[in-house]
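Chemist:
Residue numbers (the working numbering): 3 to 537.
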């Protein structure tokens with residue numbers, strides 16, 4: 003499978019504002035001839051970018067060639083390549099935009115699989131698939147549906163009940179519900195700042211008495227700070243309890259450095275949300291709309307779960323806020339919709355550079371090569387202690403992220419003014435074309451503990467399994483963040499193993515050490531067609 007090299011962002015060769023340079027053309031740095039100069043740009047490639055590494059030939063056709071084999075009607079044969087055909091095609095037929103690409107005949111190489119396919123007059127490199135049942139997006143009133151209004155009322159009742167049960171503590175709502183960009187069905191995240199020391203069992207008992215409707219109240223396994231999880235009807239609640247010691251709970255957020263330990267991180271969830279709201283200011287309505295759209299798209303594409311190697315909600319909101327702030331500065335020169343600008347900016351981003359809400363607050367010197375000790379994607383938290391909130395994304399995850407952003411960019415730019423891009427944006431990704439086999443992670447109940455504890459432990463250690471596969475050379479791994487099969491005491495997750503997966507014996511050997519401390523968990527290999535469409 004041919005795929006772009008790690009440094010495949012548009013970088014200095016092309017930018018989203020290069021006149022006349024389309025998304026497909028900007029990707030030409032990753033095509034044969036990578037490192038050459040963009041003919042529409044006056045800037046040169048970065049020093050030390052190096053040649054594109056050799057890749058196996060795509061299946062189903064011969065290797066991409068710079069020579070344009072002609073056929074009657076101005077088409078091409080299987081040996082041609084869509085990105086290298088400019089010199090042979092008439093000027094009127096040259097691709098200069100995604101929309102023109104859809105209307106121009108030629109061959110295309112599908113991102114992620116290397117499959118060569120012919121694009122006819124109505125063809126598209128994005129096959130039509132059924133839309134994923136992702137959360138509602140679009141208008142700013144998406145969160146005002148009847149079900150979500152009920153959940154908002156439930157959330158207020160839960161917070162009020164917790165404040166009554168813990169009168170000496172301060173209860174903070176954090177996460178997307180504090181920022182205001184929660185999607186319908188989002189969890190309620192709460193941080194409790196309690197004075198002195200914390201007795202987790204006593205807090206649990208108080209909450210159980212105050213909220214008799216709380217179901218499945220249990221401690222969170224593996225959390226940095228003591229935590230609880232429960233649900234009230236269809237609202238899931240996650241609670242982190244921070245002992246503030248001698249610091250008054252009402253001052254714990256501003257004086258969190260004095261609290262110390264892991265409580266600093268938990269309390270910074272309050273200041274992170276407040277920093278986002280303050281940064282967007284008067285553009286809050288535009289920001290909330292864009293953040294909801296972006297998070298719904300990430301949900302549909304399986305990029306929204308940190309335990310599964312994706313980006314957490316905070317990272318997506320930082321990216322959305324940066325787009326809104328950049329659009330504010332360029333409102334007189336750039337008339338693109340915010341969603342199109344979001345995809346254009348971040349598909350072309352060089353992920354070796356850190357992303358911060360305030361880019362002037364960090365050193366953006368020439369980035370160094372990514373090493374094992376440096377995260378492949380560095381999206382920084384908006385408030386102190388400033389740290390990366392994307393450290394769970396490895397190099398393969400970064401490559402997947404860029405491919406998906408680029409595909410979203412082409413969809414938005416290629417959609418006509420009277421057409422709706424959302425059916426394509428929320429379509430399920432072509433996972434069966436990307437992965438020749440799957441690692442199926444099964445979690446079964448064990449008699450010695452509650453099933454929620456067993457499954458929570460496995461989910462919390464899934465990133466370690468992804469790291470094992472990455473170090474073993476298994477490329478293009480993608481852990482789908484939602485189970486494809488559930489039942490009483492049973493959950494199954496699918497992990498895509500890319501186009502060249504290990505065989506069953508090799509996979510078993512890789513997973514065996516990881517499974518030792520995880521009772522109830524097993525990993526089995528299945529061929530690509532054995533699983534249903536993942537959504």
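For glycine and all other residues, C-beta sits at the position ideal for the given N, C-alpha and C.
Tell me where the alpha helix (DSSP H) around residue 416 begins and ends.
Modeler: Residue 416 sits at position 414 when you count from the first residue of the chain shown. Looking at the DSSP string, the run of the alpha helix (DSSP H) that includes residue 416 is 397-416.
Chemist: Return the chain-ordered list of same chain residues with a C-beta closer than 7 Å to the C-beta of residue 441, the five sequence neighbours on each side being excluded.
Modeler: Translated into the one-based positions of the chain shown, residue 441 becomes position 439. Cβ neighbours of residue 441 beyond the five flanking positions: 497, 499, 509, 525, 527.
Chemist: Under the rule that 16 or more other beta-carbon atoms within 10 Å means buried, what is residue 488, buried or exposed?
Modeler: The residue you call residue 488 lines up with position 486 of the chain shown. That one is exposed.
Chemist: Just how far apart, CA to CA, sit residue 466 and residue 459?
Modeler: Here the question's residue 466 lines up with position 464 in the chain shown. Here the question's residue 459 lines up with position 457 in the chain shown. Roughly 12 Å between the two C-alpha positions.
Chemist: From which residue to which residue does the alpha helix (DSSP H) around residue 539 run?
Modeler: This structure leaves residue 539 out entirely; the chain is present only between 3 and 537.
Chemist: Distance check for residue 214 and residue 207, CA to CA, integer angstroms please.
Modeler: Within the chain shown, numbered from 1, the residue matching residue 207 stands at position 205. Within the chain shown, numbered from 1, the residue matching residue 214 stands at position 212. Computed Cα separation, rounded: 11 Å.
Chemist: Please say whether residue 220 and residue 452 have beta carbons closer to each other than 8 Å?
Modeler: Working through the chain shown from its first residue, we reach residue 452 at position 450. Working through the chain shown from its first residue, we reach residue 220 at position 218. Against a cut-off of 8 Å, the Cβ pair of residue 220 and residue 452 comes out as a contact.
Chemist: On a Cα-Cα basis, can you pick out the residue from 194, 313, 296 that is closest to residue 345?
Modeler: Within the chain shown, the letter at position 343 stands for residue 345. Ranking the options by Cα distance to residue 345, first place goes to 296.
Chemist: Tell whether a beta-carbon distance below 8 Å holds between residue 192 and residue 174.
Modeler: Sequence index remark: in the chain shown, residue 192 carries index 190 (1-based). Sequence index remark: in the chain shown, residue 174 carries index 172 (1-based). Yes; because the gap between Cβ atoms is below 8 Å, this pair is in contact.
Chemist: Could you check where the beta strand (DSSP E) with residue 254 kicks off and where it finishes?
Modeler: For this step, residue 254 is matched to residue 252 along the chain shown. From DSSP, residue 254 is part of no beta strand (DSSP E); its letter is neither H nor E.
Chemist: For residue 481 and residue 264, what's the separation of their Cα atoms in angstroms?
Modeler: In the chain shown, counting from the first residue as 1, residue 481 sits at position 479. In the chain shown, counting from the first residue as 1, residue 264 sits at position 262. Using only the alpha carbons, I get a separation of about 28 Å.
Chemist: Would you say residue 216 and residue 227 are within 8 Å of each other, going by their C-beta atoms?
Modeler: For this step, residue 216 is matched to residue 214 along the chain shown. For this step, residue 227 is matched to residue 225 along the chain shown. Not in contact: residue 216 and residue 227 (Cβ atoms no closer than 8 Å).
Chemist: Would you say residue 319 and residue 293 are within 8 Å of each other, going by their C-beta atoms?
Modeler: Mapped onto the chain shown, residue 319 falls at position 317. Mapped onto the chain shown, residue 293 falls at position 291. Cβ atoms of residue 319 and residue 293: closer than 8 Å.
Chemist: What is the C-beta distance between residue 456 and residue 494, in whole angstroms, given that I count them as a contact (C-beta under 8 Å)?
Modeler: For the purposes of this step, residue 456 is taken as residue 454 along the chain shown, with counting starting at 1. For the purposes of this step, residue 494 is taken as residue 492 along the chain shown, with counting starting at 1. By a beta-carbon distance limit of 8 Å, residue 456 does not contact residue 494. Their separation comes to about 14 Å.
Chemist: Taking the alpha helix (DSSP H) that residue 326 belongs to, which residues open and close that run?
Modeler: Against the chain shown, residue 326 aligns to sequence position 324. Taken as a continuous stretch (DSSP letters only), the alpha helix (DSSP H) holding residue 326 covers 315-331.
Chemist: Under a three-way DSSP split, which group does residue 299 fall into?
Modeler: Within the chain shown, residue 299 is the residue found at index 297, counting from 1. Here residue 299 sits in helix by DSSP.
Chemist: Compare the Cα-Cα distances from residue 188 to each of 239, 248, 483 and report the closest residue.
Modeler: The residue you call residue 188 lines up with position 186 of the chain shown. Among 239, 248, 483, the Cα nearest to that of residue 188 is on 239.
Chemist: Where residue 259 and residue 266 are concerned, what is the direct C-alpha to C-alpha distance, given to the nearest angstrom?
Modeler: Numbered from 1 along the chain shown, position 257 holds the residue referred to as residue 259. Numbered from 1 along the chain shown, position 264 holds the residue referred to as residue 266. If I take the Cα positions, the gap works out to 6 Å.
Chemist: Is the separation between the beta-carbon of residue 431 and that of residue 476 shorter than 8 Å?
Modeler: Taking the chain shown and counting its residues from 1, the one referred to as residue 431 is at position 429. Taking the chain shown and counting its residues from 1, the one referred to as residue 476 is at position 474. It is not a contact, given that the beta carbons lie outside the stated cut-off.
Chemist: For a quick check, are the C-beta atoms of residue 237 and residue 167 less than 8 Å apart?
Modeler: Position 235 of the chain shown, counting from 1, holds the residue named residue 237. Position 165 of the chain shown, counting from 1, holds the residue named residue 167. Not in contact: residue 237 and residue 167 (Cβ atoms no closer than 8 Å).
Chemist: How about residue 522 and residue 470: are their beta carbons less than 8 Å apart?
Modeler: Taking the first residue of the chain shown as position 1, residue 522 is located at position 520. Taking the first residue of the chain shown as position 1, residue 470 is located at position 468. Not closer than 8 Å, so no.
Chemist: Comparing alpha-carbon positions, which option in 307, 194, 348, 261 lies nearest residue 326?
Modeler: Here residue 326 corresponds to residue number 324 of the chain shown, with the count starting at 1. If we check each option's Cα against that of residue 326, 348 comes out closest.
Chemist: Which residues bound the alpha helix (DSSP H) around residue 265?
Modeler: Within the chain shown, residue 265 is the residue found at index 263, counting from 1. 265-282 is the extent of the alpha helix (DSSP H) around residue 265.
Chemist: With 16 as the cutoff for other CB atoms within 10 Å, does residue 519 come out buried or exposed?
Modeler: Locating residue 519 in the chain shown gives position 517, where the first residue counts as 1. With fewer than 16 other Cβ atoms inside 10 Å of its own Cβ, residue 519 counts as exposed.
Chemist: According to the neighbour-count rule (16 or more other Cβ atoms, all chains shown, within 10 Å of its Cβ), is residue 171 buried or exposed?
Modeler: Within the chain shown, the letter at position 169 stands for residue 171. Classification for residue 171: buried.
Chemist: Do the segment 301-315 and the segment 391-401 meet, that is, are 3 or more Cβ pairs less than 8 Å apart?
Modeler: yes
Chemist: Beta carbon of residue 436, beta carbon of residue 478: below 8 Å?
Modeler: The count along the chain shown starts at 1 and reaches residue 436 at position 434. The count along the chain shown starts at 1 and reaches residue 478 at position 476. The answer is yes: Cβ separation under 8 Å.
Chemist: Short check: CB of residue 307 to CB of residue 483, under 8 Å?
Modeler: Here the question's residue 307 lines up with position 305 in the chain shown. Here the question's residue 483 lines up with position 481 in the chain shown. In contact: residue 307 and residue 483 (Cβ atoms closer than 8 Å).
Chemist: Suppose contacts are defined by Cβ-Cβ distances below 8 Å. Is residue 377 in contact with residue 359 by that definition?
Modeler: Residue numbering aside, residue 377 sits at position 375 when the chain shown is read from its first letter. Residue numbering aside, residue 359 sits at position 357 when the chain shown is read from its first letter. No; because the gap between Cβ atoms is not below 8 Å, this pair is not in contact.
Chemist: Helix, strand or coil: which one does DSSP assign to residue 163?
Modeler: The residue given as residue 163 occupies position 161 in the chain shown. Note: residue 163 maps to helix in three-state DSSP.
Chemist: Provide the residue span of the alpha helix (DSSP H) that contains residue 535, from first to last.
Modeler: Locating residue 535 in the chain shown gives position 533, where the first residue counts as 1. Element bounds for residue 535: n/a, residue is neither H nor E.
Chemist: Among 415, 438, 255, 486, which residue has its Cα nearest to the Cα of residue 530?
Modeler: Against the chain shown, residue 530 aligns to sequence position 528. Comparing Cα positions, the closest option is 438.
Chemist: Just to confirm, is the Cβ distance from residue 288 to residue 279 under 8 Å?
Modeler: For the purposes of this step, residue 288 is taken as residue 286 along the chain shown, with counting starting at 1. For the purposes of this step, residue 279 is taken as residue 277 along the chain shown, with counting starting at 1. No, the Cβ-Cβ distance between residue 288 and residue 279 is not below 8 Å.
Chemist: Just to confirm, is the Cβ distance from residue 323 to residue 381 under 8 Å?
Modeler: What you label residue 323 is simply residue 321 of the chain shown in a count that begins at 1. What you label residue 381 is simply residue 379 of the chain shown in a count that begins at 1. No.
Chemist: Buried or exposed, going by whether 16 or more other CB atoms sit within 10 Å of the CB of residue 417?
Modeler: Counted from its first residue, the chain shown places residue 417 at position 415. With 16 or more Cβ atoms within 10 Å of its Cβ, residue 417 is classed as buried.
Chemist: For residue 211, count neighbouring Cβ atoms within 10 angstroms of its own Cβ and tell me buried if that reaches 16, exposed if not.
Modeler: On the chain shown, residue 211 is found 209 positions in, with the first residue counted as 1. Counting other Cβ atoms within 10 Å of its Cβ, residue 211 stays below 16 and is therefore classed as exposed.
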